[in-house]
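Position one of the sequence shown corresponds to residue 144 (this note's numbering), numbered consecutively onward.
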Amino acid sequence: MGALTEDLPKPMLPVRDRPLLEHVLDHLRAAGIRSCGLITGYKREVIERHFASYPMEIVFIHQPVINGTGGAAKLAQGFVGGDSFLMAYGDIWCEPADYRAVMQPIECEPDTEATLAVKIVDDPFQGAAVYTRDGYIARIIEKPPKGTSTTHYNSAGIYCFRGSVFDEIDRIPLSPRGEYEITSAIERMIDAGKKLRAVVLQGAWRDIGRPEDLVVADKFNT
Numbered sequence: 144m145g146a147l148t149e150d151l152p153k154p155m156l157p158v159r160d161r162p163l164l165e166h167v168l169d170h171l172r173a174a175g176i177r178s179c180g181l182i183t184g185y186k187r188e189v190i191e192r193h194f195a196s197y198p199m200e201i202v203f204i205h206q207p208v209i210n211g212t213g214g215a216a217k218l219a220q221g222f223v224g225g226d227s228f229l230m231a232y233g234d235i236w237c238e239p240a241d242y243r244a245v246m247q248p249i250e251c252e253p254d255t256e257a258t259l260a261v262k263i264v265d266d267p268f269q270g271a272a273v274y275t276r277d278g279y280i281a282r283i284i285e286k287p288p289k290g291t292s293t294t295h296y297n298s299a300g301i302y303c304f305r306g307s308v309f310d311e312i313d314r315i316p317l318s319p320r321g322e323y324e325i326t327s328a329i330e331r332m333i334d335a336g337k338k339l340r341a342v343v344l345q346g347a348w349r350d351i352g353r354p355e356d357l358v359v360a361d362k363f364n365t
């Protein structure tokens, strides 16, 4: 996002005259979420000030060292406790109905250990390529080289986990990028034979990573 984030953290960039993160939290509330552990990093004071009186229980958790999605998830363990939980990135636009769809398998399928939202794309090289078998995740490849994937499923940055995922997060090694990746924990769960359900999102979705993504999100109806 370049100069756009000199004074604002990326999730606070405006979409239809309100911060993107405010839309995310609104959609989570509409999906039935009543409390949120919000991991903050760059310019955290901007986020904490804006959402100080937001009509949802928010616990702000600072990530002093930006060491990957697995590291961020680990910081939420005290907030989550042993409960199942929805994990969503603050720069992802997703509809309330799709948040509910991601949570449903954990609520209804006792043998499902986690769910992973996927979106159909031409080539998942910018995210994580997700391979499935009979509706369950068989393999996930983070940032595959362009043109090498034989799946059109891209990880959508939205998950639902049981509390047991923290045991796997504790064991993941640093990735080649020098980060603790949540996908490494997912790979460990797959290797252990645990069932991870793939949920194909049906509504509007966007990873807001570039200025042009803000323009697209401005045109969404919700």
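Cβ atoms here follow ideal geometry from the backbone N, Cα and C, with glycine treated the same way. None of these values were measured; they are calculated from a predicted model.
Original post:
What do you get for C179, buried or exposed, if any count of 16 or more other CB atoms within 10 angstroms of its CB means buried?
Top reply: buried
Original post:
What are the complete beta strand (DSSP E) segments, minimum 3 residues, inside the stretch 196-224?
Top reply: 200-205
**OP:** Tell me whether P288 is buried or exposed, calling it buried when 16 or more other Cβ atoms sit within 10 Å of its Cβ.
**Re:** exposed
Original post:
Between which two residues does the alpha helix (DSSP H) containing V167 stretch?
Top reply: 163-173
**OP:** Identify the continuous alpha helix (DSSP H) that holds D334 and give its terminal residues.
**Re:** 325-334
Original post:
Nearest to I235 by CA position, among G145, P319, L163, G346, is which residue?
Top reply: L163
Subject >> Between the CA atoms of A244 and N301 - distance to the nearest angstrom >> reply: A small correction: the amino acid at residue 301 is Ile; Asn does not occupy that position in the sequence shown. Each residue's alpha carbon lies about 11 Å from the other.
**OP:** Output the distance between the C-alpha atoms of P198 and M246, rounded to the nearest integer angstrom.
**Re:** 22 Å
Original post:
Just how far apart, CA to CA, sit I284 and R305?
Top reply: 22 Å
Original post:
What residue does the beta strand (DSSP E) around M144 start on, and which one ends it?
Top reply: Per DSSP, M144 belongs to no beta strand (DSSP E) and is neither H nor E.
**OP:** Return yes when the C-beta of A231 is under 6 Å from any heavy atom of the ligand SAM, and no when it is not.
**Re:** The ligand SAM is not among the ligands present in this structure, which contains no ligands whatsoever.
**OP:** Can you tell me which of the three DSSP states E250 falls into?
**Re:** helix
Original post:
Do T258 and P267 come within 7 Å of each other at the CB atom, strictly closer than that value?
Top reply: no
**OP:** Mark S196 as exposed unless 16 or more other C-beta atoms lie within 10 angstroms of its C-beta, in which case mark it buried.
**Re:** exposed
**OP:** Rounded to whole angstroms, what's the CA-CA distance from T183 to I204? Just pull it up for me.
**Re:** 6 Å
**OP:** For the stretch 257-337, list the alpha helix (DSSP H) runs that are entirely contained and at least 4 residues long, ordered along the chain.
**Re:** 308-312, 325-334
**OP:** Would you give the residue range spanned by the alpha helix (DSSP H) that D192 belongs to?
**Re:** At residue 192 the sequence reads Arg, which differs from the Asp that was named. Start and end: 187-193.
Original post:
Just to confirm, are L344 and D241 a CB contact at a threshold of 7 Å?
Top reply: yes
**OP:** Under the assumption that A215 contacts Q206 (Cβ atoms under 8 Å), give the Cβ distance between them as a whole number of angstroms.
**Re:** 5 Å
**OP:** Evaluate I209 with the Cβ neighbour count: other Cβ atoms within 10 Å of its Cβ, from every protein chain shown; 16 or more gives buried, anything less gives exposed.
**Re:** exposed
Original post:
By Cβ distance below 8 Å, which residues in the same chain neighbour R187 in space, the five residues on each side in sequence not counted?
Top reply: P152, F203, H205
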